[in-house]
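Trainee:
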Amino acid sequence: MDRIRIAQKGVGPDINLSIQFVLNCGSTTAGSCHGGYHTGTYELIKQHGYIPFETCQPYLACSSESQEGFCPHVDTTCNAVNTCRTCSGFSDMGGNCVELDYFPNATVAEYGEVGDDSIFDLFSNPKDKAQKIRAEIYARGPVATTINATPLRDYEGGILDDPTASTSTNHIVSI
Numbered sequence: 058m059d060r061i062r063i064a065q066k067g068v069g070p071d072i073n074l075s076i077q078f079v080l081n082c083g084s085t086t087a088g089s090c091h092g093g094y095h096t097g098t099y100e101l102i103k104q105h106g107y108i109p110f111e112t113c114q115p116y117l118a119c120s121s122e123s124q125e126g127f128c129p130h131v132d133t134t135c136n137a138v139n140t141c142r143t144c145s146g147f148s149d150m151g152g153n154c155v156e157l158d159y160f161p162n163a164t165v166a167e168y169g170e171v172g173d174d175s176i177f178d179l180f181s182n183p184k185d186k187a188q189k190i191r192a193e194i195y196a197r198g199p200v201a202t203t204i205n206a207t208p209l210r211d212y213e214g215g216i217l218d219d220p221t222a223s224t225s226t227n228h229i230v231s232i
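Encoded structure:
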């Protein structure tokens, strides 16, 4: 979304993309409410050719395997009405929801990983990788990265430096 805003030169409304579309249509590629990976999301968008705006499919925080709250009662299948829809009113008053054939969306032309060009990058200087990330941000805007967010659960301020924390990742953030 940040890169879209930059491409628009800050003109026009802010755009939120439909995370629920990713959950409905990307379980095998992008992940679910219980985990996923940002490059899988980019691949899903590239395969489908688009991702609708959130106004088409608001976030419900439910994916096909979710058993929390009302999720077992939510249709999360990947179909036209679960991509972009409009509803004419409440169903108990005769209203219904129908899919839209034309709707606002965004695309992904290309994606990749910064600094992971080859196996040799695993042994390169971390400062070189940081420079590649800075160059990408300067050239095209914010980048996504994975972090271990578990130590942040009890974060109370200051610089977080936990050398005992796992290096496995469980959350995606934007730099």
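Counting along the sequence shown from 1, when you hit position 55 you're at 112 in the working numbering, and nothing is skipped either side. Quick reminder that beta carbons are idealized off the backbone N, C-alpha and C, glycines included. Quick caveat: nothing in here was measured; it's all calculated off a predicted structure.
For Tyr99, collect the residues of the same chain with a Cβ closer than 7 Å to its Cβ; drop the 5 residues on either side in sequence, then sort them by chain order.
Mentor: Within the same chain, Tyr99 has close Cβ partners Val165, Tyr168.
Trainee: Are Thr96 and Glu193 touching if we call contact CB-CB under 8 Å?
Mentor: No, the Cβ-Cβ distance between Thr96 and Glu193 is not below 8 Å.
Trainee: Taking the alpha carbon of Gln104 as the reference point, which residue from Tyr94, Gly146, Gly83, Ala118 has its own alpha carbon closest?
Mentor: Nearest option by C-alpha distance: Gly83.
Trainee: Helix, strand or coil for Phe234, going by three-state DSSP, please let me know.
Mentor: One cannot answer for residue 234 here, as it falls past the ends of the chain, which runs 58 to 232.
Trainee: Tell me which same chain residues have a C-beta within less than 7 Å of the C-beta of Ile204, skipping the five on either side of it?
Mentor: These residues qualify, in order along the chain: Thr226, His228, Val230.
Trainee: Any chance you could list the alpha helix (DSSP H) runs of at least 4 consecutive residues sitting entirely within the region 82-164, in chain order?
Mentor: Runs found: 95-105.
Trainee: Could you check the C-alpha separation between Phe177 and Thr112 for me, to the nearest Å?
Mentor: Residue confidence is low: Phe177 scores 49 on pLDDT, short of 50, so the model does not pin down where it sits. Its coordinate-derived value is still stated next. Phe177 and Thr112: Cα-Cα distance of roughly 43 Å.
Trainee: Does the beta-carbon of Ser75 have 16 or more other beta-carbons within 10 angstroms, so that it is buried, or is it exposed?
Mentor: So Ser75 counts as buried.
Trainee: Kindly list the residues whose CB is nearer than 6 Å to the CB of Glu156, restricted to its own chain and excluding five residues on each side of it in sequence; keep chain order.
Mentor: If we look at Glu156 and ignore the five residues flanking it on each side, its Cβ neighbours are Ala137, Val138, Arg142.
Trainee: On a CA-only basis, which of Thr202, Ser223, Glu122, Pro208 is nearest Ser89? Give me that one, please.
Mentor: The residue with the shortest Cα to Cα distance from Ser89 is Glu122.
Trainee: Put Ala201 into one of helix, strand or coil per three-state DSSP.
Mentor: If DSSP states are grouped into helix, strand and coil, Ala201 belongs with the strands.
Trainee: Suppose contacts are defined by Cβ-Cβ distances below 8 Å. Is Ser148 in contact with Thr133 by that definition?
Mentor: Taking 8 Å as the Cβ cut-off, Ser148 and Thr133 do not qualify as a contacting pair.
Trainee: What is the DSSP secondary structure of Ile229, counted as helix, strand or coil?
Mentor: Strand, per DSSP.
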